[in-house]
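Asks: Structure in structure tokens, see below.
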Amino acid sequence: MAQAELTLKQHGFGQTRRQDLWWLQPLAVFAGLSAFIIYTTWAAFQGEHYAFGPYLSPLYSPELFGESSHSWFGAKPSWWPSVLPWSPSFLILWAPAGFRLTCYYYRGAYYKAFWADPPSCAVAEPRHRYLGENSFPLILQNVHRYFLYLALLFIVILAYDAWNALWFTDTATGATSFGIGVGTLVLTANVVFLGGYTLGCHSLRHLVGGVLDRLSASPARLKAYHCVGCLNRKHMLWAWMSLCWVGFSDVYVRLCAMGIWTDLRIL
Amino acid sequence: MVMATFKLWRGGRDAGRFEDYQTDITEGMVVLDAVHQIQAEQAQDLAVRWNCKAGKCGSCSAEVNGSPKLMCMTRCSDIPLDKPVTIEPMKAFPLIKDLVTDVSWNFQVKKRIKPFKPRQPDADDGTWRMAQADIDRVQEFRKCIECFLCQDVCHVLREHQMHDAFIGPRFFVYGASLEMHPLDVENRLGDLKDTDGIGYCNITKCCTKVCPEDITITDNAIIPLKERVVDEFYDPLQKLFRIFRPKR
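Sequences listed follow chains R and V, in order.
By the working numbering, the letter at position 69 of the first sequence is numbered 69, and the numbering carries on one by one without gaps.
By the working numbering, the letter at position 171 of the second sequence is numbered 438, and the numbering carries on one by one without gaps.
Pasting the structure below:
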């Protein structure tokens with residue numbers, strides 16, 4: 001089919017006749033994601049102040065190996081190369097990072113904000129060549145559902161962390177008792193927001209029922225499809241709420257562990 | 268009543284320019300009314316395509332202040348009239364004259380999509396039975412009025428002119444309406460991947476934003492199709508499962 005010859009093609013990066021503040025949203029996304037990436041990278045490299053009492057920072061959960069009482073398999077493994085810096089979060093952070101990196105919402109957002117592809121709708125781009133997600137490297141975004149499987153596992157683990165955050169150990173007697181601190185609420189809200197984001201994933205919606213043309217033949221999957229679809233309609237909101245809250249949860253645990261903030265006990 | 272200035276694109280394929288027209292705007296007018304008023308009073312040779320003036324025929328697509336819109340559904344009270352309002356034709360298609368573009372490429376694309384192919388009839392009288400829950404999902408796609416604003420705003424067509432390799436959001440919606448239909452048994456996934464270029468869509472959701480029928484194009488049509496393409500071509504586990512389960 002002959003390609004249409006366009007006579008009014010836009011030229012020049014950023015050219016548009018839009019009069020609204022089209023640059024505001026990509027700029028906000030750029031600032032928000034950059035801030036989160038910088039903070040989490042810094043926090044991941046710290047390797048300390050990630051646990052406080054029953055609280056464990058979500059950036060370090062699950063703590064497979066580490067020095068805190070939350071560690072699953074003991075201290076730093078001997079097989080870790082001595083030339084590499086060590087932090088418990090290095091072993092796990094790649095999974096949620098991969099989930100967000102390949103998320104359909106984030107893809108559209110960061111293609112605009114970081115790669116100007118396009119900078120915004122109906123705004124001219126800086127490059128002429130375009131490969132999209134049709135070839136390497138972006139064709140690898142199709143791995144998203146595998147990161148989803150891991151993210152679902154993380155939701156279970158973080159829910160377990162929130163449960164653990166209800167049980168406080170008396171340092172004097174060693175007795176464990178039920179309690180609720182502000183940190184408990186912070187970690188519980190974290191798993192709720194992350195659950196809303198993960199359970200509204202486009203890939204999950206497809207896998208639970210979207211793949212079927214005759215959903216009515218599988219009532220359970222039809223119900224699951226509607227539930228995931230309900231969360232999916234606000235996927236962007238869940239994505240940002242969960243992103244911000246993960247960062248705040250780490251800040252909360254870190255500052256409590258450093259003695260800068262005091263964790264108030266509600267019960 | 269306010270006097271507003273409209274900068275209208277005038278010209279054909281070889282040359283063109285914006286020309287200023289001033290006209291009175293009264294309460295309730297839409298942009299198409301203003302253009303018609305200018306055509307009647309000042310520019311009788313102005314070419315503008317329109318039909319229903321009710322947002323249902325999809326004829327009066329244009330770019331108002333740089334944003335793809337139906338002129339008949341854009342209220343003058345919703346746009347700033349204290350500065351000139353630019354109206355130009357869609358950029359993803361060849362210009363014929365003034366505000367009119369040649370959108371025939373879309374109709375050629377539609378012809379090459381595999382048509383609806385129903386399964387064997389459910390009943391002896393040659394009819395089928397469908398559950399409402401199954402048809403609800405594709406019903407949304409039937410709202411499309413083929414205004415082609417989604418095609419116009421899509422940067423793959425507008426900016427990169429990949430008309431040979433990419434069919435655009437309108438036809439992913441069309442493809443989804445067929446592919447997800449509870450009666451349809453045709454398989455279009457190979458075409459979607461290879462000749463329709465669904466991999467070129469990078470999910471900017473611009474098509475969804477401009478759709479005058481509020482079809483959730485990206486989330487409900489394109490991404491589900493992308494997921495089906497992943498099932499078929501990129502997911503090794505799905506390939507493994509397909510060996511052991513009957514074809515859906």
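Ideal placement from N, C-alpha and C gives every residue a C-beta, glycine not left out.
1) Since R:Val211 meets chain V, which of its residues come closer than 8 Å, beta carbon to beta carbon?
2) For chain V, find out if any of its Cβ atoms is closer than 8 Å to the Cβ of R:His49; answer yes or no.
3) Show which residues of chain R have a CB atom less than 9 Å away from the CB atom of V:Lys410.
4) Taking C-beta to C-beta, are V:Ile484 and V:Phe438 nearer than 8 Å?
5) Looking at chain R, is there any beta carbon in it that lies within less than 8 Å of the beta carbon of V:Asn332?
6) Could you please tell me which residues of the stretch 98 to 126 of chain R, in chain order, have their CB closer than 7 Å to any CB of chain V?
7) Which residues, in chain order, does the stretch 186 to 205 of chain R contribute to contact with chain V at a C-beta distance below 9 Å?
8) According to DSSP, V:Thr334 sits in a beta bridge with which residue or residues?
9) Counting only beta-carbon separations shorter than 8 Å, does V:Asn469 have a partner in chain R?
10) Counting only runs of 3+ residues fully inside the stretch 97 to 121 of chain R, write out the beta strand (DSSP E) ranges in chain order.
11) Compute the Euclidean distance between the alpha carbons of R:Arg100 and R:Gly200, then round it to the nearest angstrom.
12) Answer yes or no: does any C-beta atom of chain R fall closer than 8 Å to that of V:Asp401?
13) If I follow the unbroken beta strand (DSSP E) through V:Glu286, where does it start and stop?
14) List, in chain order, every chain V residue whose beta-carbon is nearer than 7 Å to that of R:Arg18.
15) Straight-line CA distance for V:Pro351 to V:Asp300?
16) Could you tell me whether any Cβ in chain V is nearer than 8 Å to the Cβ of R:Gly14?
17) Evaluate the contact criterion for the stretch 189 to 200 of chain R versus the stretch 241 to 259 of chain R: three or more CB pairs, one atom per stretch, below 8 Å.
18) Should R:Ala4 be flagged as near chain V, meaning a C-beta pair shorter than 8 Å?
19) For a quick check, are the C-beta atoms of R:Tyr111 and V:Thr471 less than 8 Å apart?
20) Short of 9 Å Cβ to Cβ, which residues in the stretch 291 to 315 of chain V face chain R?
21) When burial is assigned at 16 or more other CB atoms within 10 Å of the CB, is V:Ile434 buried or exposed?
22) If you measure from the beta carbon of R:Asn164 to each beta carbon in chain V, is any gap under 8 Å?
23) What are the boundary residues of the alpha helix (DSSP H) that includes R:Phe147?
24) Using a Cβ-Cβ cut-off of 7 Å (strictly less than) and excluding sequence neighbours within five positions of R:Trp86, which residues of its own chain qualify?
25) Mapping the DSSP letters down to three states, classify R:Trp72 as helix, strand or coil.
26) For R:Arg318, collect the residues of the same chain with a Cβ closer than 6 Å to its Cβ; drop the 5 residues on either side in sequence, then sort them by chain order.
27) Of all Cβ atoms in chain R, is any one closer than 8 Å to the Cβ of V:Glu426?
28) Check whether the Cβ atoms of V:Tyr288 and V:Ala321 lie closer than 8 Å to each other.
29) Using a beta-carbon distance below 8 Å, is R:Leu91 in contact with chain V?
30) Where R:Thr41 and V:Trp372 are concerned, what is the direct C-alpha to C-alpha distance, given to the nearest angstrom?
31) Helix, strand or coil: which one does DSSP assign to R:Gly181?
32) According to a CB-to-CB cut-off of less than 7 Å, which residues of the stretch 233 to 262 of chain R neighbour chain V?
33) Are at least three pairs of beta-carbons, each pair with one atom in the stretch 439 to 458 of chain V and one in the stretch 358 to 366 of chain V, less than 8 Å apart?
34) Nearest-angstrom Cα distance between R:Cys121 and V:His422?
35) Would you please verify whether the beta carbon of R:Gly32 is less than 8 Å from any beta carbon of chain V?
36) Please specify which runs of the alpha helix (DSSP H), each continuous and at least 4 residues long, are wholly inside the stretch 16 to 50 of chain R, giving them in chain order.
Replies: In this structure, then:
1) Glu494, Arg495, Asp498 and Arg515
2) no
3) Residues of chain R passing the Cβ test: none, with the nearest at roughly 17 Å.
4) no
5) yes
6) Tyr104, Arg107, Gly108, Tyr111, Lys112, Asp117, Pro118, Cys121, Ala122, Ala124 and Glu125
7) His202, Ser203 and Arg205
8) According to the sequence provided, residue 334 of chain V is Ser. The question's Thr does not apply to it. Per DSSP, V:Val331.
9) yes
10) none
11) 13 Å
12) yes
13) Gly283 to Ile292
14) Asn332, Gly333 and Ser334
15) 16 Å
16) no
17) yes
18) Because the pLDDT at R:Ala4 is just 47, under 50, the model does not fix this residue reliably, and the point stays unresolved.
19) yes
20) none
21) buried
22) no
23) His144 to Asn164
24) Gly47, Lys76 and Trp80
25) coil
26) Chain R is shown from 1 up to 267; residue 318 of chain R falls before or after that span and cannot be answered.
27) yes
28) no
29) no
30) 48 Å
31) strand
32) none
33) no
34) 8 Å
35) no
36) 24 to 46
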